[in-house]
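Reading through the structure tokens given below for one structure.
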Amino acid sequence: MQIFESTKHFLKNEPTPIDRIVNPFQRFASEKAAGGIILFLSALIAILWANFISYDSYDDFWHTKLTIGIGNYSISDTFHFWINDALMAIFFFLVGLEIKRSVVLGELSSIKKAAFPVMAAAGGMIVPAGIFISLNLNSDTFVGWGIPVATDIAFALGVLSLLGKRVPISLKIFLTALAIADDIGAVLIIAIFYSNDLMLTNLFISFLLVSGVIIANYLGLRNPLIYTIVGCLMWVFFLKSGIHATIAGITLAMVIPLKVKINPKQFFDKGTELLKNFKNENNFHQSRGDLGLTTEKQSSTLEELVKYTKKVESPLQRMENNLHHFVTFVVLPLFAISNSGVIIDSSINNIFNNSLAIGIILGLFVGKPIGIFLFSFFACKIGIASIPSDLKWTHILGVGFLGGVGFTMSIFVNGLAFDSQTFIATSKIAIFIASIFSALFGYMVIKLIKN
Numbered sequence: 090m091q092i093f094e095s096t097k098h099f100l101k102n103e104p105t106p107i108d109r110i111v112n113p114f115q116r117f118a119s120e121k122a123a124g125g126i127i128l129f130l131s132a133l134i135a136i137l138w139a140n141f142i143s144y145d146s147y148d149d150f151w152h153t154k155l156t157i158g159i160g161n162y163s164i165s166d167t168f169h170f171w172i173n174d175a176l177m178a179i180f181f182f183l184v185g186l187e188i189k190r191s192v193v194l195g196e197l198s199s200i201k202k203a204a205f206p207v208m209a210a211a212g213g214m215i216v217p218a219g220i221f222i223s224l225n226l227n228s229d230t231f232v233g234w235g236i237p238v239a240t241d242i243a244f245a246l247g248v249l250s251l252l253g254k255r256v257p258i259s260l261k262i263f264l265t266a267l268a269i270a271d272d273i274g275a276v277l278i279i280a281i282f283y284s285n286d287l288m289l290t291n292l293f294i295s296f297l298l299v300s301g302v303i304i305a306n307y308l309g310l311r312n313p314l315i316y317t318i319v320g321c322l323m324w325v326f327f328l329k330s331g332i333h334a335t336i337a338g339i340t341l342a343m344v345i346p347l348k349v350k351i352n353p354k355q356f357f358d359k360g361t362e363l364l365k366n367f368k369n370e371n372n373f374h375q376s377r378g379d380l381g382l383t384t385e386k387q388s389s390t391l392e393e394l395v396k397y398t399k400k401v402e403s404p405l406q407r408m409e410n411n412l413h414h415f416v417t418f419v420v421l422p423l424f425a426i427s428n429s430g431v432i433i434d435s436s437i438n439n440i441f442n443n444s445l446a447i448g449i450i451l452g453l454f455v456g457k458p459i460g461i462f463l464f465s466f467f468a469c470k471i472g473i474a475s476i477p478s479d480l481k482w483t484h485i486l487g488v489g490f491l492g493g494v495g496f497t498m499s500i501f502v503n504g505l506a507f508d509s510q511t512f513i514a515t516s517k518i519a520i521f522i523a524s525i526f527s528a529l530f531g532y533m534v535i536k537l538i539k540n
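Read in order, the letters of the sequence shown are residues 90 to 540 in my numbering.
Now the structure itself:
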């Protein structure tokens, strides 16, 4: 009996009308540069809206109130708040998952692996902060020292991917590891220096919730619904604790399990057995005719196979994969559109006479490449790190410039640092200028390297 040969009632293996519409977008989304391109277009939309349509309409729209909750158990705030404090918590949750994976299994999993990118990241934070502080030491703008410290990894990797095969794999790994180490520093800076007066009771409740997740993991309750509910509750209590609510995302990510229940070999053996059972079910035609439908036994086999596919992938890996596109194509573009709108007029001519703007521009465009290059070079000279054999120091300089693409992360810190709309607007323009020049110089430096 030829079980699998009858295809009379099967759907043709041809693209449907919906597939023809969706497939080009899916192919675009799979490109490494897609995230950076979408971010750039989102910022451009915001700038065009604010300057050529109406800044008032831009500002009024993002300050429209939205209430989420029921009765007394609700939060009412602006679209801007829900994006910056709520959706960005999901972004930081994803960052936390990437950090944990890298520290446990990846580029930062040993001192030998981590030394080179960590030293580079340290230089990329210390030197820009030092430049900014030296120019704004006795000013109200001093609090903005964290702005040039940050790197927008999506944009930086997007620029790097535009260079195609010219870029060694080890350089992409280095930039990714550098950005993750940079993210760790940025998170610590936000938690320590850009939080308000602490409400210890709410903070204590938040950590009780974290403890609950740890206990649930120990008991084997690794259900995404549990993590979602606890994450939402943690966000509320972090919001009320004085620590920026996005830190709830990082904190929860640290307790998401990375261990799998079965190893790949066990999955392969069990999967092979289940697929044989599926194929050997001999009542297929008699019970279901020629429709190609599965029998009850085959359906049960498929359900068991699905269970094993979940066991071979850790909750951390699964959540990281599921969230990646949502964060890249929804969260960050919304953040860019809602935060990048700034009026660009004749006052931009005076920006180079402004210590706040100069501190940000020099910090990102000059401080980042100098810090990343010198600290990584020093680490190699003293023997605690080594540069990958297929890289040149000009590669590191190019990545140093790409590290100066602060964009969304710098804008995020800018919103935490200042209340003054004048300071915020000045900082945004400086961030745009520094990020554009950093991206261009990073691209050109790496492109000019001879293979």
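Don't be surprised by glycine CBs; every beta carbon is placed ideally from N, CA and C.
request  = Using alpha carbons as the reference points, say which of P346, I339, V256 lies closest to I179.
outcome  = For the purposes of this step, residue 179 is taken as the residue at position 90 of the sequence shown. Among P346, I339, V256, the Cα nearest to that of I179 is on I339.
query = From which residue to which residue does the alpha helix (DSSP H) around Y397 run?
reply = Residue numbering aside, residue 397 sits at position 308 when the sequence shown is read from its first letter. Segment 385–400, the alpha helix (DSSP H) holding Y397.
Proximity below 8 Å, CB of K350 to CB of M288 = Position 261 of the sequence shown, counting from 1, holds the residue named residue 350. Position 199 of the sequence shown, counting from 1, holds the residue named residue 288. Against a cut-off of 8 Å, the Cβ pair of M288 and K350 comes out as no contact.
query = Since G253 is in the beta strand (DSSP E), which residue starts that stretch and which ends it?
reply = As a position in the sequence shown, residue 253 is number 164, starting the count at 1. That residue, G253, is in no beta strand (DSSP E); it is neither H nor E in DSSP.
message = Which same chain residues end up closer than 6 Å to G326 when comparing Cβ atoms and leaving out the 5 residues on each side of it in sequence?
response = Within the sequence shown, the letter at position 237 stands for residue 326. It is Phe, not Gly, that sits at residue 326 in the sequence shown. The residues are N291, I294, S295.
query = When you compare only the Cα positions, how much space is there between F244 and M177?
reply = Taking the sequence shown and counting its residues from 1, the one referred to as residue 244 is at position 155. Taking the sequence shown and counting its residues from 1, the one referred to as residue 177 is at position 88. Their backbone Cα atoms lie some 16 Å apart in a straight line.
message = Our contact map puts M151 next to F168 with C-beta atoms below 8 Å; I'd like the distance itself, whole angstroms only.
response = One-based indexing of the sequence shown puts residue 151 at position 62. One-based indexing of the sequence shown puts residue 168 at position 79. Met is not the amino acid found at residue 151; the sequence shown has Trp there. Rounded, the Cβ-Cβ distance is 5 Å, consistent with contact.
Whole-angstrom distance between L537 and L251, CA atom to CA atom = Residue numbering aside, residue 251 sits at position 162 when the sequence shown is read from its first letter. Residue numbering aside, residue 537 sits at position 448 when the sequence shown is read from its first letter. One C-alpha to the other measures close to 14 Å.
inquiry  = My assumption, with CB atoms under 8 Å, is that I56 sits in contact with F424. Please give the rounded CB distance.
reply    = In this structure the chain extends from 90 to 540, so residue 56 is not present and cannot be described.
query = Taking contact to mean at least 3 C-beta pairs separated by less than 8 Å, is the segment 442–459 in contact with the segment 513–529?
reply = yes
query = In chain order, what residues of the same chain have a beta carbon less than 6 Å from the beta carbon of V276, not counting five sequence neighbours either side?
reply = As a working note, residue 276 is residue 187 in the sequence shown. If we look at V276 and ignore the five residues flanking it on each side, its Cβ neighbours are I339.
Where the beta strand (DSSP E) containing Y162 begins and where it ends = What you label residue 162 is simply residue 73 of the sequence shown in a count that begins at 1. Note, Y162: beta strand (DSSP E), 162–167.
message = What ranges does the beta strand (DSSP E) occupy inside the segment 150–199, keeping only unbroken runs of at least 3 residues that lie completely in it?
response = 154–159, 162–167
key: Buried/exposed call for E409, threshold 16 Cβ in 10 Å   = Within the sequence shown, numbered from 1, the residue matching residue 409 stands at position 320. Under this definition E409 is a buried residue.
query = Can the beta-carbon of V401 be found less than 8 Å from the beta-carbon of P353?
reply = Numbered from 1 along the sequence shown, position 312 holds the residue referred to as residue 401. Numbered from 1 along the sequence shown, position 264 holds the residue referred to as residue 353. Going by C-beta atoms, V401 is nearer than 8 Å to P353.
Contact under 8 Å by Cβ, T515 with I440 = Within the sequence shown, residue 515 is the residue found at index 426, counting from 1. Within the sequence shown, residue 440 is the residue found at index 351, counting from 1. A contact, by the Cβ cut-off of 8 Å.
message = Considering only their Cβ atoms, is the gap separating G185 from A342 smaller than 8 Å?
response = To locate residue 342, count along the sequence shown from 1; it is residue 253. To locate residue 185, count along the sequence shown from 1; it is residue 96. Result yes, Cβ atoms of A342 and G185 sit closer than 8 Å.
Short Cβ contact (8 Å threshold) for T417 with G124 = Stepping through the sequence shown from its first residue, residue 417 is reached at position 328. Stepping through the sequence shown from its first residue, residue 124 is reached at position 35. In contact: T417 and G124 (Cβ atoms closer than 8 Å).
inquiry  = Helix, strand or coil for S259? Go by DSSP, reduced to three states.
reply    = In the sequence shown, residue 259 corresponds to position 170, counting from 1. Residue state, collapsed to three classes: helix.
Simplified DSSP state of F507, which is helix, strand or coil = Locating residue 507 in the sequence shown gives position 418, where the first residue counts as 1. Coil, per DSSP.
request  = Identify whether S478 lies in helix, strand or coil by the three-state DSSP scheme.
outcome  = Indexing the sequence shown from 1 puts residue 478 at position 389. Residue state, collapsed to three classes: coil.
query = When burial is assigned at 16 or more other CB atoms within 10 Å of the CB, is T317 buried or exposed?
reply = For this step, residue 317 is matched to residue 228 along the sequence shown. So T317 ends up on the exposed side.
task = Classify A334 as helix, strand or coil using the three-state DSSP reduction.
result = The residue you call residue 334 lines up with position 245 of the sequence shown. Residue state, collapsed to three classes: coil.
ask   = Are the beta-carbon atoms of Y144 and L505 separated by less than 8 Å?
value = Taking the sequence shown and counting its residues from 1, one reaches residue 144 at position 55. Taking the sequence shown and counting its residues from 1, one reaches residue 505 at position 416. Their beta carbons are not under 8 Å apart, which means Y144 does not touch L505 by this criterion.
request  = Would you tell me roughly how many angstroms separate the C-alpha atoms of I304 and V344, rounded to the nearest one?
outcome  = Sequence index remark: in the sequence shown, residue 304 carries index 215 (1-based). Sequence index remark: in the sequence shown, residue 344 carries index 255 (1-based). Straight-line Cα distance between these residues: approximately 10 Å.
ask   = If you check the beta carbons only, do F462 and L486 fall under 8 Å apart?
value = The residue labelled residue 462 in the question sits at position 373 within the sequence shown. The residue labelled residue 486 in the question sits at position 397 within the sequence shown. In this structure, L486 lies closer than 8 Å to F462 by Cβ.
key: Three or more C-beta pairs below 8 Å linking the segment 226–239 and the segment 440–449   = yes
inquiry  = Taking 8 Å as the threshold (C-beta atoms), are A474 and A175 in contact?
reply    = Position 86 of the sequence shown, counted from the start, is the residue given in the question as residue 175. Position 385 of the sequence shown, counted from the start, is the residue given in the question as residue 474. No. Outside cutoff.
query = Exposed or buried, what is V502 when buried is set at 16 or more other beta-carbons lying within 10 Å of its beta-carbon?
reply = For the purposes of this step, residue 502 is taken as residue 413 along the sequence shown, with counting starting at 1. Buried, by the Cβ-count rule.
ask   = At what residue ranges does the segment 286–358 contain a whole run of the alpha helix (DSSP H), taking only runs of 4 or more?
value = 289–308, 313–330, 336–342
task = Just the C-alpha distance for I107 and K470, rounded to the nearest angstrom, thanks.
result = Locating residue 107 in the sequence shown gives position 18, where the first residue counts as 1. Locating residue 470 in the sequence shown gives position 381, where the first residue counts as 1. Cα to Cα, the separation comes out at about 57 Å.
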